[in-house]
Structures are given as structure tokens and as C-alpha cells.
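Asks: Sharing a structure with you now.
Numbering (my numbering), first residue to last: 7 to 127.
The following block contains the structure:
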């Protein structure tokens, strides 16, 4: 049976700031499901939501020194990162789709002009 460790908020923050991987694993184990739910409400594809979740925790790990407990709770800070990353993913996907649509329109324009030139219209 796996022993579950429990940390106070301050202990967890201090340990992660000191790059303790066990504390970060605890953070992931205890918060990833809730964060995934928020991401999945923004990003409709489960596969993309999983990618955003992974990238969110990488960003949390890499930027943890910027967390300031005097400005808010750790969970709120993580949710803001996740939400922003999910929105960025959605925007990026929208821009890619918009670009593909524009490329298709451009192709139709070229085909129409080519047809008009060959038929003398």
C-alpha cells in the first residue's frame, strides 16, 4: 500500500521552491485532476487538454519562483496558468484553422483565374 504524504501549504511551497521533486509529484497527484477539468472545459479535445495539462505543470515547475503566497493561493495561481495556457491553445488552433481557410480561398482564386485565362473569359 502506497503511503500518502501530507504537506502544509507553506511546506509544499518551500519544498517546491527548493526543487523537491517529491513535493512536486505530490502537487501533481493532488491537483492535476481538478486542473485538467478546467482545461478540458476550454480545450474541447481530450488529447489537446492532456498536452495543455502537461505543459501547465512544466510551466509551474519552471516558474515556481514567481509564485508569491502574499498575492493569492497556490491553487488559484496554478488555475490561472492552466486557464491562460488553454486559451492560448484554443487561439492558436483558431489561427491555424483561419490560415487553412485563407489558403483554400487563395487556391480557389488561383484556380478560377487560371480557368478564366484558359477559356478567355
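Positions of the beta carbon are idealized from the N, C-alpha and C atoms, including for glycine. What you are looking at is a predicted structure, and each value in this text was computed from that prediction instead of being measured.
Can you check whether the CB of residue 87 is closer than 8 Å to the CB of residue 62?
Replies: In this structure, residue 87 lies closer than 8 Å to residue 62 by Cβ.
Asks: Would you kindly work out how many angstroms separate the C-alpha atoms of residue 1 and residue 93, rounded to a whole number?
Replies: In the structure as shown, the chain begins at 7 and stops at 127. Residue 1 is therefore absent and cannot be evaluated.
Asks: Less than 8 Å between the C-beta atoms of residue 66 and residue 91, yes or no?
Replies: Contact: no.
Asks: If the criterion is Cβ atoms closer than 8 Å, does the pair residue 38 and residue 59 meet it?
Replies: Yes, the Cβ-Cβ distance between residue 38 and residue 59 is below 8 Å.
Asks: Compute the distance between the beta-carbons of residue 64 and residue 55, then report whether it is under 8 Å.
Replies: Contact: no.
Asks: Please identify the residue among 57, 43 and 12 whose C-alpha is closest to the C-alpha of residue 29.
Replies: Of the listed residues, the one whose Cα sits closest to residue 29 is 12.
Asks: Let's test the definition: count the other Cβ atoms within 10 Å of the Cβ of residue 7 and tell me whether it reaches 16, buried, or not, exposed.
Replies: Per-residue confidence for residue 7 stands at a pLDDT of 43, beneath the threshold of 50, marking its modelled position as unreliable; the derived number appears in the next sentence. Exposed is the call here.
Asks: Alpha carbon to alpha carbon, how far is residue 40 from residue 19? Give it in angstroms, no decimals.
Replies: Cα to Cα, the separation comes out at about 19 Å.
Asks: Output needed for residue 15: all residues of its chain with C-beta closer than 7 Å, excluding positions within five of it in sequence on either side, in chain order.
Replies: Excluding sequence neighbours, residue 15 sits near 80.
Asks: Give the DSSP-derived three-state secondary structure of residue 92 in the structure shown.
Replies: Helix, per DSSP.
Asks: Just the C-alpha distance for residue 17 and residue 43, rounded to the nearest angstrom, thanks.
Replies: Answer to the nearest angstrom: the Cα atoms are 26 Å apart.
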